[in-house]
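Take the sequence shown: its position 128, counted from the start at 1, is 128 in full-length UniProt numbering, and no numbers get skipped. All C-beta atoms in this analysis are idealised placements derived from N, C-alpha and C, irrespective of residue type, glycine included. Fair warning: this is a prediction, and the values are worked out from it, not measured in the lab.
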Amino acid sequence: PAGSQDTPSVRLWSDYLNVHLHPKSVYVIRQYLHDGDCGCLEAFGQGESLLQDPACLEELEDRLHFYVEECDYLQGFQVLCDLHNGFSGVGAKVTELLHDEYSQKGILTWGLTPVLSTVGVLVCSLRFQWLDVFSPQDPQNSFYRLMNTALGIAHLSRHSSLFCPMSLSGSLGIR
């Protein structure tokens, strides 16, 4: 982190975040921290069930209403969420909440998918032809990624004015 004179203890990408965010704009899901109780947020249903907890839903609504009340003329919302993991379920519940409470406002949703890495190994043969070396992918992770993406697209597009999947690869992160 910036300004630290001792050896910094960097654990997360956000430790490098130099933008000071308003405390109401950050909501940490404690169960799914890197050292949290539940491990990774891997499945659509896990993300969806987070916002079925009344305490979590109330906290999210309070934060949302705080910002809505600050607006002079609210035109709509932009939602960015991952499609390939459990955050697709979180995004689906958030867009559902926005759609239910602000049905006359636009909701633009961006469904983000990662570029699947090829292990970062590129091999050059003796004839100088480039060969990609792909790692074998875990079938369970591939299945989760496919199901999360499909469920995310279906649910997010249902509650959004416009849903736009976005990826740097043509495959929406699915191989």
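Item to check | Buried/exposed call for S88, threshold 16 Cβ in 10 Å | outcome: buried
Checklist entry - By Cβ distance below 7 Å, which residues in the same chain neighbour E96 in space, the five residues on each side in sequence not counted? => result H159
Checklist entry - Under 7 Å between the Cβ atoms of I107 and S25? => result no
Next on the checklist: DSSP three-state label for T113, please.
Outcome noted: coil
Checklist entry - Among N18, Y27, N85, G91, which one has its Cα closest to the Cα of F77? => result G91
Item to check | Residues of its chain near P139, where Cβ-Cβ distance is below 6 Å and the 5 sequence neighbours each way are ignored | outcome: none
Next on the checklist: At the level of alpha carbons, what is the spacing between L41 and H84?
Outcome noted: 10 Å
Checklist entry - Helix or strand or just coil, what does DSSP make of I29? => result coil
Item to check | Burial state of R145, where buried means 16 or more other Cβ atoms lie within 10 Å | outcome: buried
Next on the checklist: Short of 6 Å in beta carbon distance, which residues of its chain neighbour G86, apart from the five on each side in sequence? Order them along the chain.
Outcome noted: L41, E42, A43, Q46, G47
Checklist entry - Are the CB atoms of G152 and G111 nearer to each other than 7 Å? => result yes
Checklist entry - Do you know offhand how far A55's Cα is from R63's? => result 12 Å
Item to check | Within 7 Å, strictly: CB atoms of V68 and T109 | outcome: no
Item to check | Inter-residue Cα distance where the pair is L51 and D100 | outcome: 14 Å
Next on the checklist: Which same chain residues end up closer than 6 Å to D82 when comparing Cβ atoms and leaving out the 5 residues on each side of it in sequence?
Outcome noted: L112
Checklist entry - Could you give the distance in angstroms between the alpha-carbon of L168 and the alpha-carbon of N18? => result 26 Å
Item to check | Which residues DSSP lists as bridging V79, in chain order | outcome: T109
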